[in-house]
Every structure is written in C-alpha cells, then in structure tokens.
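In my numbering, the protein residues as written are 6 to 264.
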C-alpha cells in the first residue's frame, strides 16, 4: 500500500514548538509571493462577517489572522498536531482574535460533527501526501456547495528540482511533486467537477527555493551562496515578477468553486 503521509507527526510537533508568536500575515509584507497571494485574494474572495473560512493544517494560524482582520471572516483551523493546535490557539489569544481550533486528523477521524465552511484552504499541506485525490476529497468534504477551495504550495519543479536533487534530496522525498504540476490539477478539477477561479504559478522569476541545502559539501555550499546572491540581485528587478512559470516560480496556487 502507498504511503499516505510523506512527513511524520513528530516533525510537525517539533516545528510548531519552535515557532515564535504572535504570527500573522500583513499587507506590508516584503515577500513577493505573499503580495501576489494578497492581490489574488482581494480580487476573487468575497468579504462579510457571515462567511466562515477553514484552514487545513492551520498551525500557527497566521493567514487565518489575516483573513479575520481584512475580510472579517469567522475563522477556524484544523491540525492533527496537538502542539500545532496549542500554538494556534496561543497565537489567536495573543492577537485577541476569536477562532475555532480543531485537533483532528482529516484522513482518519470522523469529521461529520464539524461545521461546513464557505471557504476551505490549505497552504503547504497537500504536497506532503501521496494520495492527492483522497486529500482533495477531504478538503471538499468540509466545503459547502458553491464554496471556494484554495490550495497553495511551494514549487519544486523546473530549475529548482534539478538543484535540490543534489543539495536537498531528503526535502524532495517529503514532497509530492505531482501536486506542483498544473496538469495534475486539470485532471482533479474534471474528476470532482470543480469550476476554476484561478490557476497559476506566483512570484515571477524567483529561485529562492534553490537555496535549500542539507548536504553541506563544498560544492553545495557554493551553489547555495550563488542562489542567495542571485535571489538578492533579481529581487531588485521588479519586471521579473511579470513572468511566472513552472520552471522558475517559487509557488503554485489553485482556486476553485465547488459545484
């Protein structure tokens, strides 16, 4: 049987234990991908106090804080890591935001008693699982009819894939690269009768994902330094943000309406 999960719960518990709080996304972010995401959300998402939004794999809740403050949604997060849920609740308490936090495993737990939402999303979540169909079904299970689904993740295809095969093979092994290919999402949207709102790579020409390095050989260190310098140089060239591509952009986002 295929592995369902490419990363272990202990990894996420350890990661969330170290996160600094409070944590939230703000409109003055200097990250290009964050700016692109904010622009798309402003363009495509409705606003209103009566709308409910759920983040799957939600720790520590920094995007949920953004949606609460800027879209006035009723926010909720679900995560299977007890540490992640504790940190998420601490974060909302520090930011003085009312939110619901659910400590559930969406693959194994019965979710029938949980509410359904107008918007369901995950960022950096689905690519950690082998069975994309099953993960997508769980997202849709939590979504009301005519609701909006958003799925985002880093893009390790193209140039980044070639570099990480040498400098960070373990990182590649914990990510499902098929999730980063738009052809995969074309198949999934047809299977589940989803209406596309937006599909595309974000960040323009930006190879900052190539800076990841776990094998600290001399050559790999040189490669890492090269991409750190390249990222700084290209970061000052705003026109490069106009050219998103599977081959060199750092992020992928898909948005759908559930029919």
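Note that CB positions come from ideal geometry on N, CA and C, so glycine has one too.
- DSSP, reduced to helix, strand and coil, places residue 200 within a strand of the structure shown.
- Rounded to the nearest whole angstrom, the C-alpha separation of residue 243 and residue 114 is 46 Å.
- Listed in chain order, the non-local C-beta contacts of residue 140 below 7 Å within the same chain comprise 131, 134, local neighbours out to five positions each way being set aside.
- The three-state reading of DSSP puts residue 83 in strand, counting E and B together.
- Nearest in C-alpha terms to residue 203, of all of 85, 262, 129, is 262.
- When only Cα atoms are considered, residue 191 and residue 154 end up about 14 Å apart.
- When the beta-carbon positions are compared, residue 169 and residue 217 come within less than 8 Å of each other.
- Residue 234 and residue 224 have their C-alpha atoms some 15 Å from each other.
- Here residue 105 is bridged, per DSSP, to 81.
- The Cβ neighbour count for residue 82, taken over all protein chains shown within 10 Å, is at least 16; the residue is labelled buried.
- In this structure, residue 255 places its C-beta atom within 8 Å of the C-beta atom of residue 213.
- In this model, residue 104 and residue 75 are separated by some 15 Å (Cα to Cα).
- Spatial neighbours of residue 128 in its own chain (CB-CB distance under 6 Å, excluding positions within 5 residues in sequence) are listed in chain order as 157.
- Excluding its 5 nearest sequence neighbours in each direction, residue 79 has C-beta neighbours in its own chain below 6 Å: 57, listed in chain order.
- Nearest to residue 260 by C-alpha distance, out of 29, 15, 86, 42, is 42.
- Cβ-Cβ distances below 6 Å link residue 30 to 67, 68, 71 in the same chain, with the five nearest sequence neighbours on each side left out; the list follows chain order.
- Straight-line spacing of the CA atoms in residue 53 and residue 124 works out to 12 Å.
- With contacts defined as CB atoms closer than 8 Å, residue 107 and residue 148 fail to qualify as a contacting pair.
- With respect to residue 209, residue 246 sits close: the two C-beta atoms are nearer than 8 Å.
- Taking the C-beta atoms as reference points, residue 109 is found no nearer than 8 Å to residue 26.
- Close CB contacts of residue 198 within its chain, under the 6 Å cut and outside five residues either way in sequence, are with 264 (chain order).
- Bounds of the beta strand (DSSP E) holding residue 124 are 122-128.
- DSSP places residue 210 in the coil class of the three-state scheme, outside both helix and strand.
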